[in-house]
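Read the structure below first, then the notes.
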Amino acid sequence: MKKDDFGFDTLLAHCGRLPANHSGTVNTPVYRASTILFPNLAALEAKESARLRYGRRGTPTTHALEDAICALEGSDRALATPSGVSAISVVLMSYAEPGAHFLMTDSVYGPARKFCESTLKKFGIETTYYDPTIGVDIESLIRPNTRLVWMESPGSQTFEVQDVTAIAEVARRRGIVSAIDNTWSGGYFCQPISQGVDISVQAGTKYISGHSDLMLGTIACREAEYERLRETYLRFGLCIGSDDAFLALRGLRTIGVRMVQHHANGLEIANWLSQQEEVLRVMHPALPDDPGHDLWRRHFTGASGLFGFVMRAVDRAALARMFDSFTLFGMGSSWGGFESLMVPSNPSVYRTATTWAPGGQTVRIHVGLENPGDLIREIRDGFNRLK
Ligand SMILES: *Cc1c(COP(=O)(O)O)cnc(C)c1O
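Each residue of the sequence shown is one higher than the last, beginning at 0 in numbering that gives the first Met the number 0.
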């Protein structure tokens with residue numbers, strides 16, 4: 000399908016599948032494969048250029064997912080990895096070389112920072128963390144050996160929106176590759192590659208899956224970066240199972256309707272929270288008084304269900320009273336599923352370029368697809384238990 004000829008939702012319903020190639024089945028079937036047989040010697044000898052050659056190199060199911068990711072992200076190419084973290088590590092490793100320097104937002108997802116500080120540091124790669132709101136001033140941090148600028152917008156703990164177009168433009172002008180963690184938008188509300196970024200990574204575990212039952216990472220990129228990324232991917236022997244690719248494709252078919260509902264539900268709850276006396280601040284870029292609101296309007300077509308708020312400091316026992324009796328809000332890692340989650344968080348501990356001192360307890364909330372009124376009642380009861 001030519002992407003310019005169709006609307007986004009049409010594209011997402013039809014991308015990455017060719018029923019005529021699979022006995023007419025609407026969905027690309029699960030191909031479980033390691034060995035793939037070639038019919039004759041000539042075909043065997045030509046396998047270097049064949050898309051299908053060995054299970055680790057992909058199956059029709061995983062290829063279908065990669066094609067669909069290209070449609071979602073508006074990218075030339077895509078790779079599917081076993082988790083969001085592996086997608087991040089592949090990108091970082093691809094631009095690592097002795098003496099290289101990376102720039103990374105201070106709001107970055109924790110394990111990405113750990114990869115720089117543990118793995119890459121050992122090999123002589125230095126990372127500078129920058130204020131997520133730095134914008135064009137990123138230029139002042141660029142060194143002759145800077146190879147990569149990493150963004151995450153909004154940050155998935157503190158929700159600062161970055162000036163992605165400005166940072167990508169500076170990087171491009173200085174010949175530096177730019178990459179972003181696009182998990183928050185699901186790719187549905189933001190296509191960073193069309194905004195000048197070279198590589199867009201997602202934890203497909205979150206909104207692409209949408210059902211809290213799958214681990215997946217996605218790397219979408221421009222043609223110019225593909226071979227380098229693919230080389231790292233192949234050297235690490237990464238691949239995903241076709242069952243997981245099938246689940247990801249199934250989730251992707253409904254990402255549009257889910258994201259629209261996450262947006263509406265999340266905003267309703269963010270608005271309600273901002274009026275509660277227990278709440279000092281709500282970090283949700285679609286709220287007009289959020290510091291990132293103007294940038295969010297420029298770069299995103301909607302907001303996902305993940306945001307944060309700061310509540311008045313309470314002691315540990317009161318916090319446990321609030322959280323332990325929730326029945327709709329689950330407590331656990333991850334987000335992006337159909338169900339709501341809420342966890343206390345402490346972003347202060349890992350910041351190095353900026354400080355996070357909000358004057359109260361930071362909480363991260365993922366608003367799922369439940370009726371918002373039920374969720375509001377549950378939070379109100381939780382606040383009442385603080386007393
Ligand atoms: C969850 C998450 C990841 C990592 O994804 P996994 O699939 O859990 O490895 C990366 N980035 C962000 C912003 C995330 O929230």
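Beta carbons are placed, not taken as given, at the ideal position from N, Cα and C, and that holds for glycine.
A distance below 7 Å between beta-carbons, with the five flanking residues on each side excluded, links Ser-93 to the following residues of its chain, in chain order: Arg-227, Leu-228, Thr-231. As DSSP reads the structure, Phe-306 sits in a beta bridge with Ile-364.
At least one heavy atom of ligand 1 is found less than 7 Å from the C-beta of Ala-202.
Taking the C-beta atoms as reference points, Ile-87 is found no nearer than 8 Å to Ala-79. In the DSSP assignment, Ala-219 falls within the beta strand (DSSP E) that extends over 216 to 220. Annotation for His-100: the continuous beta strand (DSSP E) segment containing it runs 100 to 104.
Of Ser-344, Ser-324, Leu-318, Thr-326, the smallest CA-CA separation from Ser-333 is found for Ser-344.
In the structure shown, Thr-34 falls within a coil segment according to DSSP collapsed to helix, strand and coil. Taking non-hydrogen atoms of ligand 1 into account, the C-beta of Asp-180 is found less than 7 Å away from one of them.
Beta-bridge partners of Met-150 (DSSP): Ile-179. If you check the C-beta of Met-258 against ligand 1, you find no heavy atom less than 7 Å away.
The closest CA to that of Ile-166, considering only Leu-385, Gly-134, Gly-54, is found on Gly-134.
Of the candidates Ala-223, Pro-153, Val-313, Leu-251, the residue whose Cα lies closest to the Cα of His-298 is Pro-153. Restricting attention to Thr-351, Arg-363, Ser-241, the CA atom closest to the CA of His-283 is found in Arg-363. When the beta-carbon positions are compared, Ala-244 and Leu-51 stay at least 8 Å from each other. A straight-line Cα-Cα distance of about 21 Å links Ser-33 and Gly-216. Nearest to Asp-136 by C-alpha distance, out of Thr-104, Cys-238, Arg-320, Leu-305, is Thr-104. Less than 8 Å divides the Cβ of Gly-367 from the Cβ of Phe-337.
Fully enclosed alpha helix (DSSP H) runs of no fewer than 4 residues occupy 222 to 234 of the stretch 199 to 244, in order along the chain. In the displayed model, Arg-311 falls within coil according to three-state DSSP, outside both helix and strand. Closest in C-alpha terms to Arg-296, from the list Val-160, Tyr-128, Lys-113, Ser-139, comes Val-160.
Distances taken from the Cβ of Lys-205 to the heavy atoms of ligand 1 include one shorter than 7 Å.
DSSP places Leu-10 in the uninterrupted alpha helix (DSSP H) bounded by 7 to 13.
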